[in-house]
């Protein structure tokens, strides 16, 4: 007998609640030669588009409605570990920030704290023993009314721009935007009566109009400002885009590209794991990374063991 899901649809017709269908491989006529690989190479060469292939563990029969794109228990376990690390980083930012994050949080002048957090986000923490080396080398104060020269300054894996010139343009544009609004606080916080969620959304949208602030940098900037107590902002979505690390990994994990459904499935996963929704940003980015874990300024042992247990239980591994 047909049953309804929690979205008031027949469960077999609901793109969120229905059981994922096993992949189908079309039969190839006898003697036919495969032309898929050459045609893909030809298209990539003609358009200049590079296709990134992320290694996947072998299909071992794993299936979970929370992550319909995963087919391996090893991948699910790795995702649980990345959720735990990202959740631990957020907790540390709120309770015991390290490095330049601590300096930003403790700045007596909030404008200086906001500016330092912006420098960290745009340049990006390095994945090294000194994640803030680049920021420290380039740092200038907000009161100096100038932006730093980034010539020779290394950028982190989640920097706001792909190169130093782009990051410089971004900082110039950010300073001009904030000064027109009467300061960074006024530019970022908006009207006094806004909720933290609306304030986050509006600031995210406004920052998106500036160069040098790609999705990973501006999302992490606003999350960090909220965690450090520098701004009363809180996300209620992940704001997935098209080509950044977390958004691409989300399509793989959740088995779909539609942004509305990606947000819904991400929210369901965060709720099931009992972690902040924003933790999935770094967790997904690291899950899809081929270069090792991006620590984003956190210590290597920042993972929250309790969060890993909850995530593993939710994912059934």
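In our numbering, the protein residues as written are 35 to 351.
From the three backbone atoms N, C-alpha and C, an ideal C-beta is built for every residue, glycine too.
Asked                                                                                                                                                                                       : Found
Any chance the region 319–339 sits against the region 117–132, with 3 or more Cβ pairs inside 8 angstroms?                                                                                  : yes
For residue 254 versus residue 153, is the C-beta spacing smaller than 9 angstroms?                                                                                                         : no
Using only the alpha-carbon positions, how far apart do residue 238 and residue 343 sit?                                                                                                    : 32 angstroms
On the criterion of 16 or more Cβ atoms from any shown chain inside 10 Å, does residue 77 qualify as buried, or is it exposed?                                                              : Any reading at residue 77 is ruled out, since the residue's pLDDT is 40, under 50, leaving its predicted position unreliable.
With distances taken Cα to Cα, identify the nearest neighbour of residue 161 among 179, 190, 169, 149.                                                                                      : 190
Looking at the structure shown, is residue 250 part of a helix, part of a strand, or coil, going by DSSP?                                                                                   : helix
Shortest alpha-carbon distance to residue 320 belongs to which of 197, 135, 109, 259?                                                                                                       : 109
Answer yes or no: do residue 268 and residue 260 have a C-beta to C-beta separation smaller than 9 angstroms?                                                                               : yes
Using the C-alpha atoms, what's the distance from residue 94 back to residue 284?                                                                                                           : 21 angstroms
Keeping to the same chain, check which residues put their C-beta closer than 6 angstroms to that of residue 241; ignore five residues upstream and five downstream.                         : 247, 252
Do you know how far the Cα of residue 111 is from the Cα of residue 146?                                                                                                                    : 40 angstroms
Tell me which residues share the same chain as residue 184 and place their Cβ nearer than 6 angstroms to its Cβ, disregarding the 5 neighbours each side in the sequence.                   : 172, 198, 201, 202
Using only the alpha-carbon positions, how far apart do residue 195 and residue 211 sit?                                                                                                    : 18 angstroms
My guess is that residue 275 and residue 126 are in contact by the Cβ rule of under 8 angstroms, so how many angstroms apart are they, rounded?                                             : Not a contact, Cβ separation roughly 26 angstroms.
When we look at the beta-carbon of residue 294 and count the other beta-carbons within 10 Å, is it buried (16 or more) or exposed?                                                          : exposed
Using a threshold of 9 angstroms, state whether the C-beta atoms of residue 270 and residue 311 are closer than that.                                                                       : yes
Taking the CB atoms as reference points, tell me whether residue 138 and residue 262 lie closer together than 9 angstroms.                                                                  : yes
CA-CA distance, residue 348 and residue 308?                                                                                                                                                : 9 angstroms
Once you ignore the five residues that flank residue 341 on each side, which residues in its own chain have a CB closer than 6 angstroms to its CB?                                         : 118, 121, 309
Rank 149, 169, 164 by C-alpha distance to the C-alpha of residue 157 and give the top, closest one.                                                                                         : 169
State the CB to CB distance for the pair residue 92 and residue 106, rounded to an integer number of angstroms; the pair is presumed to be in contact (CB under 8 angstroms).               : 6 angstroms
If you follow the alpha helix (DSSP H) that residue 166 is part of, which residue opens it and which one closes it?                                                                         : Neither: residue 166 is in no alpha helix (DSSP H) and is coded neither H nor E.
Rounded to a whole number of angstroms, what is the C-alpha to C-alpha distance between residue 277 and residue 175?                                                                        : 33 angstroms
Give me, in chain order, the residues of the same chain whose beta-carbon lies closer than 6 angstroms to that of residue 299; leave out the 5 immediate sequence neighbours on both sides. : 288
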